[in-house]
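Asks: Please see the structure below; I have some questions.
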Amino acid sequence: MKATTPAAGTTGRPTEQDWAAAVDAVRTGLRPGARVLLVCHVNPDGDALGSMLGFAQGLRRLGVTSLQCTFPGPLTVPEPLHMPAMDLLIPEAEADPAPDLLVTFDAASESRLGALVDRLETATVSLVLDHHASNTGFGKVSLVDPCAAATSVVAAELLRRLDVPLDRDMAECLYIALVTDTGSFKFDLTTPEVHELAARLVATGIDVGAISRRIFDSRPFGAVRLFGEVMGRAQLEPASAGGRGLVYAVATLDDLRKHDQPPYVLEALIDSVRCVAEADVALLLKQVAPTEWAVSMRSKGGADVSRIAVAMGGGGHRLAAGFTGHGTAEEIIDAVRERLAAQG
Ligand code: AMP
Ligand code: MN
Ligand code: MN
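Per the UniProt record's numbering, the very first residue in the sequence shown carries number 1; after that it's consecutive.
Encoded structure:
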């Protein structure tokens, strides 16, 4: 997709009615005594956490006092993603069972909400903020912009429509979300609007150099050696993916153990795989259990990896998608290779 922004209503982008419904939904959370629960997707990335915590601070500004932020699974945030307002995070077990307002962030499907999915039923109002073209349309009110580079673009626009002034901490969270999902303003959806939002965020005085170093340019020596070892085993198949080339790498639990590294360090590894010039499609398998793998896929434009991810039970975008794979690494690679061949 090129960096253009087609008119609302023609491309599945939110219409003015959608924005008005979202503003109304948020207003239910502003009633005195209202309880608000914010949830982002499992295994949160910078966009999930940053859009949620940035929006949370906006709600605080608007006067919301009963405010919880959470995500499914253990309440751990990788160090590179530490950001302001993390004190709002609570374990999922403590999440309000029936909030007045539920807002979800960066979740393309209900399955990404884990056990918190029941809040879609129990909440009085549910609002979905997202930017995945594969979004399944869940939630009573849905604000999904497939042309937005990050969920934080949607969250920031909603805050603007609610007349919330940006402050530095809020901006840091929204910026982390933006910079991670655009790969530092390099990916295809980096529109003029993205840079305009970035300008507004940077104008609050955030330290963009320090943020970038922490997120992108800093990793333990053990992780660097681990990357070298995994990349040393990478395979290139020029004839796969309809002749446009497939490159893949596999990082195992043994690799992590050997270099004494936590799993989150592997999140950056896909960038080393996807830069291979001879391949349109890059595939990275990250082992999470003996027969369970977190699979990342990237395309340079020839293949629609989101279709493959959805078919494999995951989701994502046309050029960046993922799923949880079960079986051996070879079985998963075979399945992806076959689906790529079927796409032609
Ligand atoms: P990643 O490869 O983990 O950086 O993810 C790339 C894109 O795919 C992101 O937009 C994710 O939201 C999406 N994605 C990754 N894993 C999954 C999954 N298991 N289920 C649904 N979407 C996923
Ligand atoms: Mn995400
Ligand atoms: Mn996102």
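The beta carbon of each residue, even a glycine, is placed where N, CA and C say it ideally should be.
1. Which same chain residues, not among the five before or five after A25, have their C-beta less than 6 Å away from its C-beta?
2. When a residue counts only if its C-beta is closer than 6 Å to some heavy atom of ligand 2, which residues count, in chain order?
3. Since F323 sits in a beta bridge, which residues does DSSP pair it with?
4. With three or more beta-carbon pairs closer than 8 Å as the criterion, would you say the region 227-237 touches the region 260-273?
5. Specify the secondary structure class of R35 as computed by DSSP and reduced to three states.
6. Per DSSP, L67 is paired with what?
7. By Cβ distance, which residues of its chain are closer than 7 Å to P78, with the 5 residues on each side in sequence left out?
8. Compare the Cα-Cα distances from A177 to each of P165, V208 and A335 and report the closest residue.
9. Check whether the Cβ of F323 sits closer than 7 Å to any heavy atom of ligand 1, and report yes or no.
10. Would a C-beta distance cut-off of 8 Å place R28 and A34 closer than the cut-off?
11. Which term fits Q261, buried or exposed, when burial requires 16 or more other beta carbons within 10 angstroms of its beta carbon?
12. Could you tell me if T76 is buried or exposed, where buried requires 16 or more neighbouring beta carbons within 10 angstroms of its beta carbon?
13. From L253 to C147, what distance separates their C-alpha atoms?
14. Under a CB-based cut-off of 8 Å, is S152 close to chain C?
15. Are the beta-carbon atoms belonging to A251 and Q287 less than 8 Å from one another?
16. Would the C-beta of G137 count as close to ligand 1, meaning under 7 Å from any of its heavy atoms?
17. Which of the three DSSP states, helix, strand or coil, is assigned to F105?
18. Compare the Cα-Cα distances from L129 to each of L102, E94 and A123 and report the closest residue.
19. Would you check if the distance between the CB atom of M170 and the CB atom of G63 is smaller than 8 Å?
20. Looking at H195 and ligand 1, is the gap between the Cβ and the nearest heavy atom below 7 Å?
21. Given 8 Å as the limit, is there contact between the region 196-212 and the region 172-188, that is, 3 or more CB pairs closer than that?
22. Under DSSP, the beta strand (DSSP E) around V141 begins and ends at which residues?
23. Is the number of C-beta pairs between the region 239-248 and the region 203-222 that are closer than 8 Å three or more?
24. If you draw a straight line from the C-alpha of W293 to the C-alpha of P192, how long is it?
25. At a cut-off of 7 Å, would you count A171 as near ligand 1, judging by its Cβ distance to the nearest heavy atom?
26. Within 10 angstroms of its Cβ, does T122 collect 16 or more other Cβ (buried), or is it exposed?
27. Between P97 and the rest of its own chain, which residues show a CB-CB distance below 7 Å, the 5 nearest in sequence each way excluded?
28. Would you tell me roughly how many angstroms separate the C-alpha atoms of P165 and G344, rounded to the nearest one?
29. Identify which residue in V42, A48, F55 and L53 has its Cα closest to the Cα of P74.
30. Based on DSSP bridge pairs, tell me the residues matched to S281.
Replies: Quick look at the numbers:
1. In the sequence shown, counting from the first residue as 1, residue 25 sits at position 25. For A25, where only same-chain residues beyond five positions count, the Cβ hits under 6 Å are V125, L127 and V141.
2. If you measure from each CB to the nearest heavy atom of ligand 2, the residues under 6 Å come out as H41, D45, D47, A48 and D106.
3. For the purposes of this step, residue 323 is identified with residue 323 of the sequence shown, where counting begins at 1. F323 pairs with V295.
4. With a cut-off of 8 Å, the region 260-273 and the region 227-237 count as touching, because enough Cβ pairs lie within range.
5. For the purposes of this step, residue 35 is identified with residue 35 of the sequence shown, where counting begins at 1. Assigned with DSSP and collapsed to three states, R35 falls in strand.
6. Start at 1 with the first residue of the sequence shown, and residue 67 comes out as number 67. As DSSP reads the structure, L67 sits in a beta bridge with V36.
7. In the sequence shown, counting from the first residue as 1, residue 78 sits at position 78. These residues qualify, in order along the chain: Y264.
8. Counting from one through the sequence shown, the residue named residue 177 turns up at place 177. Nearest to A177 by alpha-carbon distance, out of P165, V208 and A335, is V208.
9. To locate residue 323, count along the sequence shown from 1; it is residue 323. Yes, the beta carbon of F323 sits closer than 7 Å to at least one heavy atom of ligand 1.
10. Looking up residue 28 in the sequence shown gives position 28. Looking up residue 34 in the sequence shown gives position 34. For the sequence presented, residue 28 should be read as Thr rather than Arg. Yes, the pair counts as a contact, with Cβ atoms nearer than the cut-off.
11. Translated into positions along the sequence shown, residue 261 becomes position 261. Label assigned to Q261: buried.
12. The count along the sequence shown starts at 1 and reaches residue 76 at position 76. Classification for T76: exposed.
13. Against the sequence shown, residue 253 aligns to sequence position 253. Against the sequence shown, residue 147 aligns to sequence position 147. Straight-line Cα distance between these residues: approximately 36 Å.
14. Included in the structure is just one protein chain, with no chain C present.
15. Here residue 251 refers to the residue found at position 251 of the sequence shown. Here residue 287 refers to the residue found at position 287 of the sequence shown. With respect to the 8 Å criterion, A251 and Q287 are classified as neighbours on the basis of their beta carbons.
16. Numbered from its first residue, the sequence shown carries residue 137 at position 137. Because no heavy atom of ligand 1 lies under 7 Å away, the Cβ of G137 does not count as near it: no.
17. Mapped onto the sequence shown, residue 105 falls at position 105. Of the three classes helix, strand and coil, the one that applies to F105 here is strand, per DSSP.
18. In the sequence shown, counting from the first residue as 1, residue 129 sits at position 129. Nearest option by C-alpha distance: L102.
19. As a first step, residue 170 is located in the sequence shown; it is residue number 170 there, counting from the start. As a first step, residue 63 is located in the sequence shown; it is residue number 63 there, counting from the start. Between M170 and G63, the C-beta gap is not smaller than 8 Å, which leaves the two residues out of contact.
20. Counting from 1 along the sequence shown, the entry for residue 195 is found at position 195. Ligand 1 has no heavy atom closer than 7 Å to the beta-carbon of H195.
21. The region 196-212 and the region 172-188 touch, with no fewer than 3 CB-CB distances between them shorter than 8 Å.
22. As a working note, residue 141 is residue 141 in the sequence shown. Note, V141: beta strand (DSSP E), V141 to V144.
23. With the rule of 3 Cβ pairs closer than 8 Å, the region 239-248 does not count as touching the region 203-222.
24. In the sequence shown, residue 293 corresponds to position 293, counting from 1. In the sequence shown, residue 192 corresponds to position 192, counting from 1. Our two residues, W293 and P192, have alpha carbons roughly 36 Å apart in a direct line.
25. Residue mapping note: residue 171 aligns to position 171 of the sequence shown, counting from 1. Flag unset: Cβ of A171 not near ligand 1.
26. Position 122 of the sequence shown, counted from the first residue, corresponds to residue 122. So T122 counts as exposed.
27. Within the sequence shown, numbered from 1, the residue matching residue 97 stands at position 97. Closer than 7 Å at Cβ, skipping near neighbours: T122.
28. Here residue 165 refers to the residue found at position 165 when the sequence shown is read from its first residue. Here residue 344 refers to the residue found at position 344 when the sequence shown is read from its first residue. Looking at the backbone, the Cα of P165 and that of G344 are separated by about 49 Å.
29. To locate residue 74, count along the sequence shown from 1; it is residue 74. When only C-alpha atoms are compared, the closest one is V42.
30. Counting from 1 along the sequence shown, the entry for residue 281 is found at position 281. Checking the sequence shown, residue 281 turns out to be Val, not Ser. The bridge partners DSSP lists for V281 are L246 and S299.
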